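K.L.:
Have a look at this one.
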Amino acid sequence: MIQRSLPQPSPLAAVDAKRIAGNTLAFAIHAVVFGVLLVPSTWTPPAKPARVERMTVLPEFVPPPEIEVMPAPPEQPVIERPRPTTVTNPIQTTVPVVDSPPVMDEGNEQAVAVDPGPPVEETFEVGPPQLATLAYDVYPPPRYPRQALRNGDTGTVVLRVLVDAQGWPKEVEIETSSGHRELDRAARTQVLSKWRFHPATRQGRPIPAYALVPIGFNLP
Numbered sequence: 033m034i035q036r037s038l039p040q041p042s043p044l045a046a047v048d049a050k051r052i053a054g055n056t057l058a059f060a061i062h063a064v065v066f067g068v069l070l071v072p073s074t075w076t077p078p079a080k081p082a083r084v085e086r087m088t089v090l091p092e093f094v095p096p097p098e099i100e101v102m103p104a105p106p107e108q109p110v111i112e113r114p115r116p117t118t119v120t121n122p123i124q125t126t127v128p129v130v131d132s133p134p135v136m137d138e139g140n141e142q143a144v145a146v147d148p149g150p151p152v153e154e155t156f157e158v159g160p161p162q163l164a165t166l167a168y169d170v171y172p173p174p175r176y177p178r179q180a181l182r183n184g185d186t187g188t189v190v191l192r193v194l195v196d197a198q199g200w201p202k203e204v205e206i207e208t209s210s211g212h213r214e215l216d217r218a219a220r221t222q223v224l225s226k227w228r229f230h231p232a233t234r235q236g237r238p239i240p241a242y243a244l245v246p247i248g249f250n251l252p
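See the structure below:
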């Protein structure tokens with residue numbers, strides 16, 4: 033009996049055609065990429081910007097242009113004009129001729145002295161007292177009235193004072209009140225009894241005059 037052997041599979045049959053095709057395509061792509069990388073590139077990096085060099089400019093002194101001095105004009109000669117002469121006509125004075133000789137007083141009578149009389153006294157009229165600005169010689173301040181101090185009263189009183197030729201106050205009147213009777217009374221009494229003024233003068237002589245005296249009462 034003859035036995036037939038079964039056909040053996042070929043070793044090439046185990047090779048997958050699709051895998052071979054894929055591997056071949058992959059090798060081809062890699063080869064193309066590798067070839068592209070081997071080609072020299074024409075790209076050049078951008079050039080660096082040119083460096084600007086700073087230059088230091090030193091100022092150069094330029095001398096000013098020379099000013100040409102013009103010569104002075106020639107001096108013109110001074111022509112002296114003749115001065116006018118003044119002709120004075122001599123004044124002829126006629127001296128009267130005295131025909132008769134001078135009369136000489138040969139008497140023996142003595143001159144009689146005339147009484148000039150009493151010396152004339154200069155008149156000095158004082159007139160009524162006028163308002164004047166007088167200086168104070170003695171002026172102690174008045175005391176603050178106790179009642180006004182308790183009430184807290186303040187103010188300024190203006191007094192009209194008649195000052196005689198010796199500087200003493202003779203009359204004191206209230207020109208402007210302070211608004212409080214106690215303050216007015218204290219100021220008037222103090223000036224009339226304690227104050228003394230420098231009298232007014234006229235033609236170098238002291239005369240009576242009026243003065244306005246302000247006195248203020250203020251609390252601290």
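According to our numbering, the stretch in the sequence shown is residues 33 to 252, in order.
Using N, Cα and C, we set each Cβ at its ideal position, and we do this for glycine too.
These numbers come from a predicted model, not from an experiment.
Give me the Cα-Cα distance between E214 and A180, rounded to the nearest whole angstrom.
P.N.:
In the sequence shown, counting from the first residue as 1, residue 214 sits at position 182. In the sequence shown, counting from the first residue as 1, residue 180 sits at position 148. When rounded, the distance between both Cα atoms is 7 Å.
K.L.:
Rounded C-beta distance between A219 and V189? I'm assuming under 8 Å.
P.N.:
Looking up residue 219 in the sequence shown gives position 187. Looking up residue 189 in the sequence shown gives position 157. Correct: roughly 5 Å between the Cβ atoms.
K.L.:
Considering only their Cβ atoms, is the gap separating L166 from A232 smaller than 8 Å?
P.N.:
Position 200 of the sequence shown, counted from the first residue, corresponds to residue 232. Position 134 of the sequence shown, counted from the first residue, corresponds to residue 166. Yes, Cβ-Cβ distance for A232 and L166 is below 8 Å.
K.L.:
Which same chain residues, not among the five before or five after T208, have their C-beta less than 7 Å away from its C-beta?
P.N.:
Locating residue 208 in the sequence shown gives position 176, counting from the first residue. The residues are V189 and V190.
K.L.:
Ends of the beta strand (DSSP E) at T208?
P.N.:
Start at 1 with the first residue of the sequence shown, and residue 208 comes out as number 176. Its beta strand (DSSP E) spans residues P201 to T208.
K.L.:
Using the three-state DSSP reduction, which class does R213 fall into: helix, strand or coil?
P.N.:
As a working note, residue 213 is residue 181 in the sequence shown. Three-state DSSP puts R213 in a helix.
K.L.:
Alpha carbons only, please: which of T221, I206 and A241 is nearest the one belonging to F229?
P.N.:
To locate residue 229, count along the sequence shown from 1; it is residue 197. Comparing Cα positions, the closest option is A241.
K.L.:
Give me whichever residues DSSP pairs with G248 in a beta bridge.
P.N.:
Working through the sequence shown from its first residue, we reach residue 248 at position 216. Partner(s): T188.
K.L.:
Considering Cα atoms alone, identify which of A58, E205, G248 and A197 is closest to P238.
P.N.:
Here residue 238 is taken as the residue at index 206 of the sequence shown, counted from 1. Closest option to P238, Cα to Cα, is A197.
K.L.:
For a test of the three-state rule: what should DSSP assign to A232, helix, strand or coil?
P.N.:
In the sequence shown, counting from the first residue as 1, residue 232 sits at position 200. Residue state, collapsed to three classes: strand.
K.L.:
For V158, count the other beta carbons within 10 Å of its own beta carbon; 16 or more makes it buried, fewer makes it exposed. Which is it?
P.N.:
In the sequence shown, counting from the first residue as 1, residue 158 sits at position 126. Exposed.
K.L.:
Look up L166 in the DSSP assignment and say whether it is helix, strand or coil.
P.N.:
For the purposes of this step, residue 166 is identified with residue 134 of the sequence shown, where counting begins at 1. Coil at L166, not helix or strand.
K.L.:
Going by alpha carbons, who is nearest to I247 out of G54, Q235, A53 and V223?
P.N.:
Start at 1 with the first residue of the sequence shown, and residue 247 comes out as number 215. Nearest option by C-alpha distance: V223.
K.L.:
DSSP state of R175, grouped into three classes?
P.N.:
Taking the sequence shown and counting its residues from 1, the one referred to as residue 175 is at position 143. In this structure, R175 counts as coil in the three-state DSSP scheme.
K.L.:
Given this structure, state the Cα-to-Cα distance separating D255 from P252, to the nearest angstrom.
P.N.:
Nothing can be reported for residue 255: it is not among the residues displayed for the chain, which extend from 33 to 252.
K.L.:
Distance check for I206 and A164, CA to CA, integer angstroms please.
P.N.:
In the sequence shown, residue 164 corresponds to position 132, counting from 1. In the sequence shown, residue 206 corresponds to position 174, counting from 1. Each residue's alpha carbon lies about 17 Å from the other.
K.L.:
Quick test of your reading: L194 and P161, contact by CB under 8 Å. State the CB separation rounded to the nearest angstrom.
P.N.:
For the purposes of this step, residue 194 is identified with residue 162 of the sequence shown, where counting begins at 1. For the purposes of this step, residue 161 is identified with residue 129 of the sequence shown, where counting begins at 1. Indeed they touch by this definition, with Cβ atoms about 6 Å apart.
K.L.:
Check for me: the beta strand (DSSP E) holding P238 runs from which residue to which?
P.N.:
Counting from one through the sequence shown, the residue named residue 238 turns up at place 206. That run of the beta strand (DSSP E) goes R237 to I239.
K.L.:
Beta carbon of R192: closer than 7 Å to some heavy atom of the ligand ATP?
P.N.:
This structure does not include the ligand ATP; it has no bound ligands of any sort.
K.L.:
Measuring alpha carbon to alpha carbon, tell me which residue in N183, K226 and K50 is nearest W200.
P.N.:
Residue numbering aside, residue 200 sits at position 168 when the sequence shown is read from its first letter. Nearest option by C-alpha distance: K226.
K.L.:
Would you kindly work out how many angstroms separate the C-alpha atoms of I52 and V64, rounded to a whole number?
P.N.:
Numbered from 1 along the sequence shown, position 20 holds the residue referred to as residue 52. Numbered from 1 along the sequence shown, position 32 holds the residue referred to as residue 64. When rounded, the distance between both Cα atoms is 18 Å.
K.L.:
Among residues of its own chain, excluding the 5 on either side of H212, which ones have a beta-carbon nearer than 7 Å to its beta-carbon?
P.N.:
Working through the sequence shown from its first residue, we reach residue 212 at position 180. Within the same chain, H212 has close Cβ partners A180, D185 and G187.
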